[in-house]
Structures are given as structure tokens and as C-alpha cells.
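This report refers to the structure that appears directly beneath it.
Number of protein chains: 2
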Amino acid sequence: MKDVAARAGVGLKTVSRVVNGEPGVTADTERRVQEAIEALGFRRNDSARVLRKGRTASIGLVLEDLANPFYGPLSRAVEEVARAHGALLINGSSAEDPGREQELVLAFCARRVDGLIVIPAGTDHRYLEPELRAGVATVFVDRPAGRIEVDTVLTDSFGGARAGVAHLIAHGHRRIGFIGDQPRIHTAVERLRGYRAAMADAGLAVADGWVSLGSTEPGRVREALAAMLAGPDPVTALFAGNNRVTVTAVRELAGRSRPVALVSFDDIELADLLGITVVAQDSAALGRTAAERLFRRLDGSGEPPARLELPTRLIPRGSGELPPA
Amino acid sequence: MKDVAARAGVGLKTVSRVVNGEPGVTADTERRVQEAIEALGFRRNDSARVLRKGRTASIGLVLEDLANPFYGPLSRAVEEVARAHGALLINGSSAEDPGREQELVLAFCARRVDGLIVIPAGTDHRYLEPELRAGVATVFVDRPAGRIEVDTVLTDSFGGARAGVAHLIAHGHRRIGFIGDQPRIHTAVERLRGYRAAMADAGLAVADGWVSLGSTEPGRVREALAAMLAGPDPVTALFAGNNRVTVTAVRELAGRSRPVALVSFDDIELADLLGITVVAQDSAALGRTAAERLFRRLDGSGEPPARLELPTRLIPRGSGELPPA
DNA sequence: TTGAAAGCGCTAACAT
DNA sequence: ATGTTAGCGCTTTCAA
Chain A
1 MKDVAARAGV GLKTVSRVVN GEPGVTADTE RRVQEAIEAL GFRRNDSARV LRKGRTASIG
61 LVLEDLANPF YGPLSRAVEE VARAHGALLI NGSSAEDPGR EQELVLAFCA RRVDGLIVIP
121 AGTDHRYLEP ELRAGVATVF VDRPAGRIEV DTVLTDSFGG ARAGVAHLIA HGHRRIGFIG
181 DQPRIHTAVE RLRGYRAAMA DAGLAVADGW VSLGSTEPGR VREALAAMLA GPDPVTALFA
241 GNNRVTVTAV RELAGRSRPV ALVSFDDIEL ADLLGITVVA QDSAALGRTA AERLFRRLDG
301 SGEPPARLEL PTRLIPRGSG ELPPA
Chain B
326 MKDVAARAGV GLKTVSRVVN GEPGVTADTE RRVQEAIEAL GFRRNDSARV LRKGRTASIG
386 LVLEDLANPF YGPLSRAVEE VARAHGALLI NGSSAEDPGR EQELVLAFCA RRVDGLIVIP
446 AGTDHRYLEP ELRAGVATVF VDRPAGRIEV DTVLTDSFGG ARAGVAHLIA HGHRRIGFIG
506 DQPRIHTAVE RLRGYRAAMA DAGLAVADGW VSLGSTEPGR VREALAAMLA GPDPVTALFA
566 GNNRVTVTAV RELAGRSRPV ALVSFDDIEL ADLLGITVVA QDSAALGRTA AERLFRRLDG
626 SGEPPARLEL PTRLIPRGSG ELPPA
């Protein structure tokens, strides 16, 4: 910028004015400055700008795994809103590791992101307190924050699971299995709660062997499913707690002779062709809602932290309407 | 930092030493500084650090659409490599718009990212020349750069398509359709070239109506497919140019009475259950390879720009082995 | 309309 | 082992 000023034969501040489109520069001076900028290939250094202005026009998004198809649309929606507000998006995957989540969040804060959107892996977020006090706008998505008060945007996991399981019950099933994610993950617990509520609503007892929470790694899911389908009283239907579980369950069930009904929490590409009944959540809406809330806060809305819940949608496609074998 | 120094009763540089884990501080002093840091909730301002050091420890990734399942694993792989090198990842989607690609790239450069990984939407990248001269390491992925010399990591689209079409020919097909992405996209053209090569290898002529390049939007693909399947000499097999085309094609073909063989460029989740034969490319490997090359360059390797091509893998699953109707 | 000077928070280089 | 000074590239403030 100094060089540009020298070459254009003007003061530093004049260049700054031109670069930022501020008024108070004659057309002629502006032209001279523009020429110098071209000639020198000058590009404003935003780091210095940030240092001076205090705002970075960037937000950080911490999620679990960008490679999971559930998070792609969410991330994209956040990016879209950020773009509309002139902000860039810094992305990080926690790999479901609370330590890594914290590391990423703090790295983003050190970069002085204006805001933070977090899909938490951990359950205690008090480490964020100094940042919140320092004014970093924060929204939690998909799962609630632990031990701090912040804006939260969730899917109605409880209601969705309850509706999905009730759907299976309505189609005659009495012995229904549930395979979900690890019990420290909020959505897994909520969906299990929804399952239990639906069973209770129908006056059905839940046998121990019908419920399995744990890693969504295929081997684990396969084993859990095999256990439910073995023995004297095998389940006739399965409620799969998320897209990862569903993918493995569908593969396993495809190889069986006796049909097992299936309802999946989360939609999956081409699930329509496979006739998989799902409880769909709108991950893009989740991201959009969270980002909009974040920017409203950055624009100075002083509302107290709120908790929003987005509804799910049951889409019958065949697998959930199979009668008990 | 000044405050921390004051509170701990030490000099500025001593705090800096502690914060950065530099040697030359007594255990006792360090403790006092740490206490002050805790008490004040101090977190180093990386913007200032960047301004001083010249390196930001961040890289920018411009791709087409984070919501496309092809890019999730790619982005994740890049992030993983970046993490291993202590760098953060800034993400942007061009939405296949060259103007937006340029806007994103230049925004990243203004942030002084150390490096850039670009899946280009445009075909002329001379706007990058000043940045390249300024030392921004750059790797293009999935599609080559236009009119500049940079590292490039591609999938062997030509070879993959040629092998896929040859596979259909080997199963008896003579009238084979090709539906691909827009002709300004390099991979679309390469795959079409592969298709033509395979047909020529077998001594087969290609009728005008068998080839269709254009948007991958479902309506467009549906129309193109309908046209190929109508008339006196309908195609008996289809080569789908990418995952978006395949999704629509599979849906359409599922509704037809006469079976049409299908080979897809790009694998898709659950394609195994649907029996879709694919020419798979490894998008994670693409991202990993590009990122590794980028960091090797950042670490000072002075190799000239190179062009790498990753192989594809033909996975027969049924749809590509159907005989002609 | 234009510019000079101060300073954002940090680190490199050089004292002490 | 510790502190001082200068300056990274920009914007803010105030003066011309």
C-alpha cells in the first residue's frame, strides 16, 4: 500500500480510501491510484485490516465429519448465509473427539472469527466462557451445549423417532429393535427416548436385547443387528438411529430371507429406489437457521439464548410398511 | 498480552516466550505468566501474529459444491492433511460459477492463505498470476487450470470412461448413450472423449442422438435420456458421466419395462445394493494427494509444476453386465 | 480533498 | 534469563 502510494504520488490514506471505496477522492486521483494498484498487483492485506478493525468477517464451523453426507448440505447452507453477509467460512472436523472439538474452537477464536457454529462432540463447554464474554457469537447445532447458555438449533429427535416407531407399531410390529449411536451423543439418547415413548404409548414392553447404542462402525452395527435377529423372539422390525446405521442395516437385511421392516432416522440418497421408509431431517435448514441466528446476533440483536427445534418428516417408501414376518 | 505482562510483572517478550513455548524462561516466571493468562482469559491474537510472521497457517479450498457427496470426502482429506501440518482450512463453494470462483480465490489471497487448492469452475486463471508471483502455493484438483502453469491432480477421466464403455461393448452393446456435464467442464469432455475412443476401438459409429452434454439438473438429464430411448434405434445401454447424472438415470431407468444397461462414472452410496456398475474414482485420494503436494511446496520443494493422474476402478455390480434388450 | 501520525497485538533483532 | 525497540500493513483521528 505504501508502494502504491509512492508510485501514485499520493498519501497512504488516499490509497486506503480508493481501496475501500470511501468518498472524498477526485476521479483523477482515483484513476492514478487504480493504475498503480494494477501495475504493482497490489491486494489489500486483510490480516492487517482485521488487526486494526477488530472484525474478521469470518465464522468458524466445527462439525463431526465433512465426509458424512449429513453435514455437506449443512455446511453448504452455513456458507451460503455467510456469503450473503460477506463472511468467509473456516471449517473443521472434530471426528467426534471432544479434545479435537475444543482445539478447533480455540484455534478459530485465536483467529478472531466473529462467530462460531458448533456441532459439539463433547458435553462440557465451559472452556468457551472466556470467549463468550469476549463477544464471540456462538450457536450450537444438532446437539445442545453442555454447561453453558447459548443459542441452539436442534432437530426434534425425540418426536421424529417416536413417530417413526409408532409407524412400525401401526403396521403390526410388536418386537422392534433400536440401533443408535453412542450414548454420550445427545441425538442418540433422544431418539432412544422417542422409541421408548412410542413403545410405552402402545403398551409394549421393551426387551433388553432390542436396544443397542454404540459406535456406528459397520462391524458393531452388524453384530447388534445379528443379536436382535437371533434367538427365540427375534425383532420383526428395526428403527435405525441415523444414516450410518441405516446404510449397514440395509446391506445386512438385504441378505436375509425373512423380511424385516425398517425405518431410518435420516434420509439417504437413492433411498427412494430402495424403498426405505425414513424420518427425514433437513440438514440444510439446520445450517441455515443456525447461521441466520448467528448473524442476527452479530448484527446486535440482544435476545437471550434460545433453543429452536426443527420438525422431522416421515416418508413412507415400503420398508416401514412391511408386515411382521 | 500487554495486560498479561503487567499483571505478571514481566516484559512483553517473556509472555510471548511462554505463549509460544520458547525456551529461556525459568519455571517460576513461567508459572506467574500462566497464572496471569488464566486470570485474564488471555488468548493470543493470531491476526497480529500473522501480520508479523507473514505465514497464516491456513489454506483455502475452493470447490464446486460442498453438498455434493463427491466433495465431502475430498474436503475432509484436505483438512486432515492440513491438520497434520498445523494449518486450518477455509472453504468456499463456487457453485460452478467462474466469477464466484475468482471472488473466493482472491478473498482467500487477501486473507493471505499460505496455499490454495482449487477445483476450478472457470477456464482462464491468469487472474492468479500476481498471487503466484507473490508466492501463494497453488494446486488445482479434478480439473486443470487454464492459461497458467500450476500443479494439477486429476482423475484419469479419459481412461475411466473408455474402460467403462468398453465394458458395455464387451457385454454385447452396440448402441450406447452418453450423458455428461456441461461441455465447458474438462472432466465432461474427457469422459466423452473416452466414450468415443472406446466406440472407435470397437469400430462402432456414434449416432448424433446418443451423446448429450449439459446441465446435470434432473429435468435436463431426463429429457436427454428419453430422447435416446425413443425412436427406431434406441440405445441399449447408457454411460452416465458423473454421480448427479447417475442418480437421475437410475430413477428413470427403474421405471422402464425394457432393461437398459448402465455404467456410472462415480460411485454412489448404496450403489452396491442397487447393483449399479461404476467406474469409481477416489475423491479422498484426490484431496489427499493435492494437499500433500501443496505442503511439500510450502516446505520449499522447488519442483516444477506437475500433473498427476489418479487411476479409476471399474466395479461390476450387475447394471453394466445386462445384455442388450 | 488530502495527508501525517498514532497504534491495533504481536514477534524479530538486539540489548542487558 | 529477561526486557526494549522497531515495525508487520492497515485504519482511525485529526489537522491542513
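Protein chains in written order, with the numbering used here: chain A, 1 to 325; chain B, 326 to 650. Glycine included, each C-beta is placed from N, C-alpha and C at the ideal position.
Environment of residue i [buried if 16+ CB atoms lie within 10 Å]
| i | result |
| --- | --- |
| A/Ser58 | buried |
| A/Leu12 | exposed |
| B/Glu315 | One cannot answer for residue 315 of chain B here, as it falls past the ends of chain B, which runs 326 to 650. |
| B/Asn345 | exposed |
| A/Asp46 | buried |
| B/Pro648 | exposed |
| A/Glu79 | buried |
| B/Pro394 | buried |
| A/Thr152 | buried |
| B/Ala565 | buried |
| B/Ser626 | exposed |
| A/Arg83 | buried |
| B/Arg377 | exposed |
Cβ-Cβ distance between residue i and residue j below 8 Å
| i | j | result |
| --- | --- | --- |
| B/Leu599 | B/Leu635 | no |
| A/Val221 | A/Thr187 | no |
| A/Val211 | A/Leu225 | no |
| A/Leu204 | A/Arg174 | yes |
| A/Leu66 | A/Asn91 | yes |
| B/Leu386 | B/Ile442 | yes |
| B/Pro445 | B/Glu426 | yes |
| B/Ala488 | B/Leu639 | yes |
| B/Glu319 | A/Glu269 | Residue coverage of chain B in this structure runs from 326 to 650, which leaves residue 319 of chain B outside it and unanswerable. |
| A/Arg43 | B/Leu431 | yes |
| A/Val50 | A/Arg112 | yes |
| A/Ala134 | A/Ala291 | no |
| A/Arg196 | A/Val206 | yes |
| A/Gly41 | B/Pro455 | yes |
Selected residue, minimal CA-CA separation from residue i, among the options
| i | options | result |
| --- | --- | --- |
| A/Ala8 | A/Ala39, A/Gly24, A/Pro316, A/Glu22 | A/Ala39 |
| B/Met524 | B/Phe620, B/Thr571, B/Leu563 | B/Leu563 |
| B/Val490 | B/Glu347, B/Ala446, B/Asn393, B/Val588 | B/Val588 |
| A/Arg317 | A/Gly302, A/Ala261, A/Ala306, A/Arg251 | A/Ala261 |
| B/Thr463 | B/Glu628, B/Gly424, B/Gly411 | B/Glu628 |
| B/Asp467 | B/Ser482, B/Gly460, B/Asp449, B/Leu453 | B/Ser482 |
| B/Arg618 | B/Arg342, B/Gly366, B/Arg632 | B/Arg632 |
| B/Val604 | B/Gly625, B/Glu646, B/Thr637, B/Asp624 | B/Thr637 |
| B/Val575 | A/Arg55, A/Val25, A/Gly122, A/Asp272 | A/Asp272 |
| B/Gln359 | B/Leu376, B/Asp328, B/Thr381, B/Arg374 | B/Asp328 |
| A/Ala254 | A/Ala77, A/Ser319, A/Gly146, A/Arg297 | A/Ser319 |
| B/Arg472 | B/Ala402, B/Val343, B/Arg451 | B/Arg451 |
| B/Glu421 | B/Ala616, B/Ser540, B/Ala555 | B/Ser540 |
| A/Gly172 | A/Gly41, A/Ile179, A/Ala202, A/Gly159 | A/Ala202 |
| A/Ala36 | A/Pro130, A/Met1, A/Glu252, A/Gly86 | A/Met1 |
| B/Gly544 | B/Leu453, B/Ile504, B/Gln606, B/Pro557 | B/Ile504 |
| A/Leu104 | B/Ser418, B/Leu414, B/Glu428, B/Phe433 | B/Leu414 |
| B/Ser418 | A/Ala5, A/Ser75, A/Leu168 | A/Ser75 |
| A/Gly159 | A/Leu128, A/Pro232, A/Met228, A/Gln281 | A/Gln281 |
For residue j and residue i, believed in contact at Cβ under 8 Å, the rounded distance
| i | j | result |
| --- | --- | --- |
| B/Val560 | B/Ile601 | 17 Å between Cβ atoms; not a contact. |
| B/Asp591 | B/Thr571 | 6 Å |
| A/Val81 | A/Gly115 | With a Cβ gap of about 11 Å, A/Val81 and A/Gly115 do not count as contacting. |
| A/Pro347 | A/Ala325 | Since the first and last residues shown for chain A are 1 and 325, residue 347 of chain A lies out of range. |
| B/Val506 | B/Asn567 | One detail in the question is off: residue 506 of chain B reads as Asp in this sequence, not Val. Indeed, because the Cβ distance is near 6 Å, the residues count as touching under 8 Å. |
| A/Gly24 | A/Arg32 | Actually they are not in contact, since the Cβ atoms of A/Gly24 and A/Arg32 sit about 15 Å apart, beyond 8 Å. |
| A/Gly209 | A/Ala161 | About 19 Å separates the two Cβ atoms, so there is no contact after all. |
| A/Thr26 | A/Val10 | A/Thr26 to A/Val10, Cβ: 11 Å. No contact. |
| A/Gly122 | A/Pro144 | Actually they are not in contact, since the Cβ atoms of A/Gly122 and A/Pro144 sit about 12 Å apart, beyond 8 Å. |
| B/Ser582 | B/Tyr396 | That belief does not hold up - the Cβ atoms of B/Ser582 and B/Tyr396 are roughly 36 Å apart, past 8 Å. |
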